[in-house]
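Report on one structure; see the data block that follows.
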Amino acid sequence: MTDSKHSRSIAVIVSLLCASGAFAQQADDMQTVTVQGTSTNPGLGLTRQSGTASRLNLTAQELPASVDILSADTMQARGDLLVKDAVTRSTGLTDISSPGNGVAYSARGFTGNGSIALLENGQRPQVGSGTATYPADPWGYDYIEVLRGPGSVVYGSGTTGATINAVRKAPSRTSSFEAMAGIGGGEAVRAGVGGTGALGEHGAFRIDAYADHSDGFIDRGDSRHGKVLTSVHYALTPDLDLDMQLDHLEQKPQRYFGTPLVNGGLSRALRNQNYDVSDADIHFVDDKALARLNWRYSPALIISNELAYMKARRNWRNAEYYHYDATANVVERSDYIAIHHDQEQTGNRLEARWNDGANRVAAGWEAAVINFLHTNNSPYGGSSTVAPTGFDPGVFDSPDPMLPNFSTHTVTNAFYVEDAYSINDSLLLLAGLRHDRYKVDRVSLLGAAGFSSTLQSNAARLGLTWKLAADTSLYGQVSTGSDPVTSLLSLNLANSRYKLTSARQVEAGVKQSLAGGKAEWTAALYHISKDDIITRDPSNPALSVQGGSQTSRGAEVTASVALAQAWRLEANAAYTDAQFDQLIESGNQSRAGNRPSDVPKVSANLWLNYRDTGWRASAGARYVGERFIDNANSQTIPAYTTFDASLGWNYSRNVLVQLNLRNLTDKLYASTSYSDSQYLLGDRRHAELTVQWRY
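Residues -24 to -1, 1 to 671 in mature numbering (1 follows the signal peptide of the UniProt record, and there is no 0) are what the sequence shown spells out, letter by letter.
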């Protein structure tokens, strides 16, 4: 109780400080990236600095790791309206989001929010019950970085699959204003505004606001989303800067849990149907406040302290399981589930960065306190039967009361150090170490036994970049990481005895820029092994133990080529060979040799872009290979290819009118599965017209 009160007190102090930012030095970097992002031929951004894979201001070409950088201009040109739309156009990332997990991805053979970390401006909210909801849309963000593999020791414990970081647009003393309004299919309406300017003689501010609404092309599929992001940067003295931010986000996602399969396949006749109840509810509210001090002690040494508070409230009330009975020609509904999350996280990061000559070093200490309350109506009773079409959806009716189930109090501490050493003009050695420690106390609110558990992990990275020429580099790295066997905040008694899983990666690659940046390409080969996953005890299948293992190896290629002055071709492809080496599931069934669920062997993206002073156009294709829905590999989600396009007209120097076209062939496809009898369908063909103003 004392820690909870302390957390709220800190939050009030931070909130009173108001509005947001980034380091003064970081603000300058972000403005530079914005200029690059709006260039005619942005390419892969190999010369840009990456703040996700490292905190040492290394460029993407210097990093011994695989990084994609998606600029705001690229996302706008393609018409990406959600962060997941943009991220899944990067190399090897597949969307597996559902209403239960919020936003989730598959990368390099690993899936879910325990293996793929989601960051906002370098801040990582802990995941409660597998759900991540923030950030959701790209408005107000300068770029998104995607680091693949367990390569980061500066953000979390080195999550196995990928780290995704949405980086905010920074305040600037140079005044600017931008706005966007759009209408489209599915009764979609959206609008956004953003502005920045001077604040007194030594400060700058930025405010971004956004809202949208859509019916989602299905019955009762209404969704809406809104947010306000505020930032302030102020130079207290020539050597001391204060940055602050205050954000509020609300989402009411589509209350849709999938479409039942008919004879084992997708049915176009049921494409518009929504089998949830009429009073279904999904509602996410996220608040964030942050204050950061940045002290330039000397030209070589910078010391910073960052205090952040985050609060999330999430609600679900839905009928979530559907099965089509072909004999009776009805849809059976069950799992009437009501859940509420209250999550508070207060964290602090103290860091020192040294940059002098050939050596750059960053070292830091992170600490956080997270309080999580889970309320539900377990065991989720209730059932009903409706006709496949033309039915009364009914209301939520469960015999089980909604009661507070459990609460957890988690304290985390982490220490990290990262060192980039330029051996000579051609060789750069990057090394990093991180230690994480988690103490989880769980209290049952229904009279069951509680517990206290302490978990810890170590992550390391050692990489070497060899610059063969000014525009060509080879790299290699070995790195380690860890994932929890389940969400730490919702750890139960059965899982409390398990340690964190451990992962090891070996990666090698090449990065090259040709003809003065007119062509850029990267390629990577990797091998990842993960141990200590949950399996059944071979000698006693009734018991679960940590003895399972999984491996993944693959190849990735990304390229951007200027075909002519106004034309650019962008493409990426990923091949993933993932399998369980040892895994026994219920019934003493071995899954050794099977591919993990939701992992495609092949995924690819292709974009052709045209841009001159008056017009811009893009046409693209996305391919996602066949995936299994379970570890038994008994059922698949079919492969699919979708085609998108956009056409933009510069009405004037400050006004852009753009038409975005999605799923041009009206492909009927499933983005992911929710159960073995229902799949979540992708959007149907639609168009959207937007107008953007920039001053």
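C-beta: ideal position from N, C-alpha, C; glycine also.
Here the structure is a predicted model, which is why all the values come from computation and not from measurement.
- Only residues of its own chain outside the window of five on either side were considered, and among them Ala339, Leu409 have a CB closer than 6 angstroms to the CB of Val393, listed in chain order.
- Leu349 is classed as buried because its beta carbon has at least 16 other beta carbons within 10 Å across all chains shown.
- Around the beta-carbon of Asp252, 16 or more other beta-carbon atoms lie within 10 Å, marking it buried.
- Proximity to Arg660 across Ser105, Asp184, Gly192, Leu46 peaks at Gly192, based on C-alpha coordinates.
- For the pair of segments examined, the stretch 525 to 535 was found not to touch the stretch 89 to 104: the number of CB pairs separated by less than 8 angstroms stays below three.
- In the displayed model, Gly98 falls within coil according to three-state DSSP, outside both helix and strand.
- Around Asn335, the same chain offers Tyr397 as residues with beta carbons nearer than 6 angstroms, after the five sequence neighbours per side are excluded.
- Apart from sequence neighbours up to five positions away, the residues of its chain that approach Val79 with a beta-carbon distance below 6 angstroms are Lys60, Ser73, Ala108, ordered along the chain.
- In this structure, Asp318 lies away from Arg293, with their beta-carbon atoms at least 9 angstroms apart.
- For Asp507, the uninterrupted beta strand (DSSP E) run begins and ends at 495 to 513, by DSSP.
- Under the 8 angstroms Cβ criterion, the stretch 181 to 188 counts as touching the stretch 160 to 170, having at least three qualifying pairs.
- Within the DSSP bridge table, the entry for Gly439 names Leu406, Gln453 as partners.
- Judged by beta-carbon spacing, Ser310 lies beyond the 9 angstroms limit of Ser243, meaning their Cβ atoms are not closer than that value.
- Under the DSSP assignment, Arg166 falls outside any alpha helix (DSSP H), being part of the beta strand (DSSP E) whose first and last residues are 164 to 175.
- Taking every protein chain shown into account, the CB of Arg629 has fewer than 16 other CB atoms within 10 angstroms, so this residue is exposed.
- Counting only residues of its own chain and dropping the five nearest sequence neighbours on each side, Arg196 has a CB closer than 6 angstroms to the CB of Asn250.
- Considered as a whole, the stretch 255 to 285 harbours 257 to 272 as its complete beta strand (DSSP E) runs of no fewer than 3 residues, in chain order.
- Per the coordinates, the alpha-carbon of Leu476 lies some 46 angstroms from the alpha-carbon of Arg149.
- In the three-state reduction of the DSSP assignment, Val59 falls in the helix class.
- Where Met51 is concerned, the enclosing alpha helix (DSSP H) starts and stops at 48 to 54.
- Two segments are said to touch when three or more pairs of C-beta atoms, one from each, lie closer than 8 angstroms; by this definition the stretch 50 to 57 does not touch the stretch 493 to 502.
- If only uninterrupted beta strand (DSSP E) runs of at least 3 residues are considered, those enclosed by the stretch 604 to 634 are 616 to 626.
- If you ignore the 5 residues before and after Gly426, its C-beta comes within less than 7 angstroms of the C-beta of Arg418, Val419, Ser420, all in its own chain and listed in chain order.
- For the pair Thr351 and Leu269, the Cα-to-Cα distance works out to about 37 angstroms.
- In the displayed model, Leu422 falls within coil according to three-state DSSP, outside both helix and strand.
- Per DSSP, Trp115 lies in no beta strand (DSSP E) segment and is marked neither H nor E.
- Counting of Cβ neighbours within 10 angstroms places Thr365 among the exposed residues, the total staying below 16.
- Around the beta-carbon of Gln102, 16 or more other beta-carbon atoms lie within 10 Å, marking it buried.
- Boundaries of the beta strand (DSSP E) around Lys228: 216 to 228.
- Residue state for Arg182 is assigned as strand, using DSSP reduced to three classes.
- Between the stretch 195 to 210 and the stretch 656 to 671 there are fewer than three C-beta pairs closer than 8 angstroms, too few to call the two in contact.
- Apart from the 5 residues on each side of it in sequence, Leu212 sits with its Cβ closer than 6 angstroms to the Cβ of Leu218 in its chain, given in chain order.
- Listed in chain order, the non-local C-beta contacts of Gly439 below 7 angstroms within the same chain comprise Pro40, Ala41, Leu406, Tyr451, Gly452, Gln453, local neighbours out to five positions each way being set aside.
- Nearest in C-alpha terms to Ser649, of all of Asn305, Tyr285, Ile613, Ser579, is Ile613.
- Each residue's CA atom was taken as its position, placing Ile399 and Thr135 some 29 angstroms apart.
- Residue Pro380 holds the alpha-carbon nearest to the alpha-carbon of Ser354 among Ala344, Pro380, Asp332, Trp341.
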